[in-house]
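As given, the protein sequences belong to chains A and B, one line each in that order. Quick note: the first sequence uses this note's numbering, first residue 136, plus one each step. Quick note: the second sequence uses this note's numbering, first residue 136, plus one each step. Where is the CB? At the ideal position from N, CA and C, for every residue including glycine. On a predicted model such as this, the values are computed, not experimentally measured, just so you know. Let me begin by presenting the structure, written as structure tokens, before commenting on it.
2 protein chains.
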Amino acid sequence: MEHLQQSFTVQYNYNVFFTSALFAVDNTLFSDFLRQLNPAVTIKKILFIIDEGVAEAHTGLTSEIKQYFNQYSQTQLVQDIIVIPGGELVKNDTQYLDRVLEAINTHGIDRHSFVAAIGGGAVLDMVGYAATIAHRGIKHIRIPSTVLSQNDSGVGVKNGINYFNKKNFLGTFSPPVAVFNDELLLNSLSDRDWRSGIAEAIKVALIKDLEFFEWLEANATALANRDREAMNYQIWKCAKLHLEHIRSADPFENGSARPLDFGHWSAHKLEYLTNFEIRHGEAVAMGIALDTVYSNLSGRISAADAQRVIAVIQALGFELAHPLLQVNGANSPILQGLEEFREHLGGELTITLLTALGKGEEVHEIDADILKQAAELLQNQAAQHSTTTVL
Amino acid sequence: MEHLQQSFTVQYNYNVFFTSALFAVDNTLFSDFLRQLNPAVTIKKILFIIDEGVAEAHTGLTSEIKQYFNQYSQTQLVQDIIVIPGGELVKNDTQYLDRVLEAINTHGIDRHSFVAAIGGGAVLDMVGYAATIAHRGIKHIRIPSTVLSQNDSGVGVKNGINYFNKKNFLGTFSPPVAVFNDELLLNSLSDRDWRSGIAEAIKVALIKDLEFFEWLEANATALANRDREAMNYQIWKCAKLHLEHIRSADPFENGSARPLDFGHWSAHKLEYLTNFEIRHGEAVAMGIALDTVYSNLSGRISAADAQRVIAVIQALGFELAHPLLQVNGANSPILQGLEEFREHLGGELTITLLTALGKGEEVHEIDADILKQAAELLQNQAAQHSTTTVL
Ligand SMILES: NC(=O)c1ccc[n+]([C@@H]2O[C@H](COP(=O)([O-])OP(=O)(O)OC[C@H]3O[C@@H](n4cnc5c(N)ncnc54)[C@H](O)[C@@H]3O)[C@@H](O)[C@H]2O)c1
Ligand SMILES: NC(=O)c1ccc[n+]([C@@H]2O[C@H](COP(=O)([O-])OP(=O)(O)OC[C@H]3O[C@@H](n4cnc5c(N)ncnc54)[C@H](O)[C@@H]3O)[C@@H](O)[C@H]2O)c1
Ligand SMILES: [Zn+2]
Ligand SMILES: [Zn+2]
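Structure, rendered in structure tokens:
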């Protein structure tokens, strides 16, 4: 019998909002959003999950949320606000996933209700995963509390947890119904975390937007000094470029190309090798430096352009290189990382390099000798820089 | 700062193939399919998971598959073919989900590789779920082995397992990359299972396609007598109508309307109350009878039309009614079921009734008195029928 062909498209829409003091009683942004979704449904609930790091740094948050929903009561707040650890632990130990699923079950959160997560990328990834598998997908709202999650991970479409000791082994492609970036949440970040997420802005600027790169050059010092206006613009612009990329390319990554992973192939390996003691953004900054210098040494961009990139990375206060990124013979971990990445991609390597500042190109081969030179050059430059700094 | 709007569509395509002896060495359908997907990727693997009920009834299947991939070796068969229990157990106990995830991990099945499940709806639901959460979605292939899974569940977009004692509490909307309906697999079904899935054909015919309903009237006896040609057409047509419905409406069920759940609201409650001893299709047949008679008693269709539906259900050998579907006072389980369903829908009830044979209508209120009458009428007719049968 003749075969049957199925073909359909599914539409996804969501907004990313920027605000200050999201749950201040006179800020109607959040309640307006909830009200306009599914007006026909009479029983809508909302369950909050908060990153412990955020709850500890913003001690009034829980009661602020309760007051807010006393005022705007068209959506029923689940009074049991759940606080879970932040960081990778929450993605490593499934007891936290189970806690969120249990709360969804106990409080009768269904597909007309909401799960809202306030936290860093790790908490958002895990809670998003829980929400998207419960009842085949409950509406989830992300309220990112780190620079990385406000400018990159929180505005995208991926959720997940670690399993079998593998990062993001379990996960879904499933966008939130909305993202609320509250600038006040960032006040409590350490300098390291404040800085770290900015690496994603350098990344996306280098492959997509020269003008934004030039803005980063001009504002690197302000950003390093925790200038609020500069940070707000950086987040807004970086989020915008990420959103545009997702919608223009292959949102659920059915192909193999992942240009937004510029600088990431070595970063992933380095994070893993250092047991995640190096922050994601710190590793990405080094990965960007490596792939930028490689782009120069392989004849794609000028040495002057590569130096501009290095200068921005250093002005922000990032390290340029790490001993584990050096190539010392065929068994170097970084070359192993390259091989693992090739296998991961199904046999053919795809890596983004630069052909200009603001323009990426996909390549399918990496020359080990050039990589070795690039890593050495960066190590020397880093040593020089730290000498200069000490003097 | 101005909010950012995200909006994109994702395209989904897959085919449903009909064949006989899928893994006979001269049947190239399966290997042709695998070859044309991602030709650029050099390392593609395939992991098979088989329903124990199928493996026991088709003892040569495992070695047939191994021979097949000896012949068509462009895709690497994982030699460790996994056999898991069939039926609801496999969705209830997460050890089976973990076994599939572990195999995906151990054998390095990535997003370029395939997981293929051969089995009834329960095995397909669970393996589909495992595949769609591993690495945020591995390509999964469904090879349904029951009538229900060939004509309905296996061709759709839902995957899931039971959790917290709740049916399909965890799951995803994520279509397979292909479905292969092999008629030979159905030989080993009991008469009860052979019949059960046909209820879904009555359902979809009644809400969408008068002509198909007339075909079912004309072929009910042949189907009950396990006529192969009739069964093949029934499956093909029913699968076609399900596929068309999914693509024309709301594939991932973002709204509340679920016309394909005609006859299902009471069926779900009955399955649950009988601890799933009544097959899904058997419960659906009774649910269809109930909602059809309700459609008549509420003035939507004629008594003669309702009798035609009842006649088809009985000719196929289904029971018409069950004591637990009777309305005896406000605490009757079926009225409770209605309330639970209303809550599940977020406060507003939506139930499909018939306005003609082949045409459904959504209603938002059910009258308990009319429901009581409908249930009684069916119970009497069932008693009469069984008397007639006995005499
Ligand atoms: N989904 C995606 O597309 C995507 C993309 C990139 C990264 N990620 C994931 O994001 C995670 C990293 O996220 P991250 O960099 O936001 O860090 P994080 O979530 O790991 O949090 C780091 C620490 O900061 C604390 N914290 C969070 N917000 C705070 C605040 N406002 N004040 C004080 N402390 C705070 C947390 O409690 C935690 O201890 C990783 O798991 C990574 O895999 C996901
Ligand atoms: N995903 C969906 O859209 C969807 C829709 C409807 C139903 N379902 C699910 O499907 C499941 C029911 O599926 P089902 O009716 O196919 O039954 P099943 O999967 O529960 O299997 C019933 C029994 O038949 C055995 N079996 C399967 N194929 C056989 C064969 N060819 N020969 C001999 N024995 C065989 C199994 O081992 C099992 O013991 C339920 O879990 C239900 O929730 C899913
Ligand atoms: Zn990153
Ligand atoms: Zn059904």
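{"Query": "For Val447/A and Glu352/A, the rounded distance between their alpha carbons", "Result": "6 Å"}
{"Query": "Short Cβ contact (8 Å threshold) for Met261/A with Ile216/A", "Result": "no"}
{"Query": "Minimum C-alpha distance to Asn463/B - residue among Glu478/B, Leu451/B, Gln508/B and Phe152/B", "Result": "Gln508/B"}
{"Query": "Distance between Arg382/A and Leu473/A (C-alpha atoms, nearest Å)", "Result": "28 Å"}
{"Query": "Residue nearest to Lys201/A in terms of C-alpha spacing, selected from Arg234/A, Ile423/A, Ser166/A and Thr229/A", "Result": "Ser166/A"}
{"Query": "Length of the line joining the Cα atoms of Val258/B and Leu212/B", "Result": "20 Å"}
{"Query": "Minimum Cβ-Cβ distance from Gly471/A to chain B less than 8 Å", "Result": "The residue asked about is misnamed: residue 471/A is Gln in this sequence, not Gly. Not an interface residue."}
{"Query": "Proximity of Ala359/A and Arg330/A at Cβ, strictly below 8 Å", "Result": "yes"}
{"Query": "Interface residues of the region 262-286 of chain B facing chain A [CB-CB below 9 Å]", "Result": "Tyr264, Thr267, Ile268, Ala269, His270, Arg271 and Gly272"}
{"Query": "Burial state of Gln266/A (16 or more Cβ within 10 Å)", "Result": "Note that residue 266/A is Ala in the sequence shown here, rather than Gln. Buried, because 16 or more other Cβ atoms sit within 10 Å of the Cβ of Ala266/A."}
{"Query": "For Lys84/B, the first and last residue of its enclosing alpha helix (DSSP H)", "Result": "Because chain B spans 136 through 526 in this model, residue 84/B falls outside it and cannot be assessed."}
{"Query": "Min CB distance Trp371/B to chain A below 8 Å", "Result": "yes"}
{"Query": "Alpha helix (DSSP H) runs contained entirely in the region 200-279 of chain A, provided each spans 4 or more residues", "Result": "224-227, 229-241 and 256-268"}
{"Query": "Partner residues on chain A for Val176/B, Cβ-Cβ distance less than 9 Å", "Result": "Ser391, Leu480, Gly481, Gly482 and Glu483"}
{"Query": "Integer Cβ distance of Gly263/B from Ser280/B, believed to fall under 8 Å", "Result": "Incorrect: roughly 14 Å between the Cβ atoms, too far for contact."}
{"Query": "Among Asp233/A, Phe158/A, Gly272/A and Tyr203/A, the one whose alpha carbon lies nearest that of Phe315/A", "Result": "Phe158/A"}
{"Query": "Residue interval of the alpha helix (DSSP H) (run including Thr490/B)", "Result": "Not the alpha helix (DSSP H): Thr490/B falls in the beta strand (DSSP E), residues Ile486 to Ala491."}
{"Query": "8 Å contact criterion, which Asn150/B and Ala156/B should meet: CB distance rounded", "Result": "Asn150/B to Ala156/B, Cβ: 19 Å. No contact."}
{"Query": "Selection of the region 143-159 of chain A by Cβ proximity to chain B, strictly under 8 Å", "Result": "Phe143, Thr144, Val145, Gln146, Tyr147, Asn148, Tyr149, Asn150, Val151, Phe152 and Phe153"}
{"Query": "Residue environment, Phe152/A, which counts as buried when at least 16 other CB atoms sit within 10 Å", "Result": "buried"}
{"Query": "Reference Leu283/B; option with closest CA among Phe249/B, Lys302/B and Leu321/B", "Result": "Leu321/B"}
{"Query": "Identity of the residue in Asp502/A, Thr485/A, Ser401/A and Ala384/A nearest Gln146/B by Cα", "Result": "Ala384/A"}
{"Query": "Interface positions of the region 344-367 of chain A facing chain B (Cβ-Cβ less than 7 Å), listed along the chain", "Result": "Asn367"}
{"Query": "Neighbour flag for Asn240/A against chain B, beta carbons, 8 Å", "Result": "yes"}
{"Query": "Ala441/B beta carbon less than 8 Å from that of Gly422/B", "Result": "no"}
{"Query": "Own chain partners of Ala420/A with C-beta closer than 6 Å, once the 5 adjacent residues on each side are dropped", "Result": "Ala334, Ile448 and Phe453"}
{"Query": "Cβ of Gly434/A within 8 Å of any chain B Cβ", "Result": "no"}
{"Query": "Listed by chain order, chain A residues near Asp245/B by CB distance under 7 Å", "Result": "His479 and Gly481"}
{"Query": "Near ligand 3: His377/A beta-carbon under 7 Å from a heavy atom", "Result": "no"}
{"Query": "Proximity test, Cβ basis, 8 Å: Ala374/A and chain B", "Result": "yes"}
{"Query": "Distance, Glu412/B Cα to Ala418/B Cα", "Result": "10 Å"}
{"Query": "Anticipated Cβ contact below 8 Å, Gly221/B with Gly188/B, distance rounded", "Result": "4 Å"}
{"Query": "Check: Glu335/A C-beta below 7 Å from any heavy atom of ligand 3", "Result": "yes"}
{"Query": "From Leu164/B, Ser142/B and Thr177/B, residue whose alpha carbon lies closest to that of Leu480/A", "Result": "Thr177/B"}
{"Query": "Within chain A, partners of His138/B - CB distance below 8 Å", "Result": "Asn150, Val151, Phe152 and Phe153"}
{"Query": "Neighbourhood of Ile239/B by C-beta, 6 Å cutoff - its chain only, sequence neighbours within 5 removed", "Result": "Ala269"}
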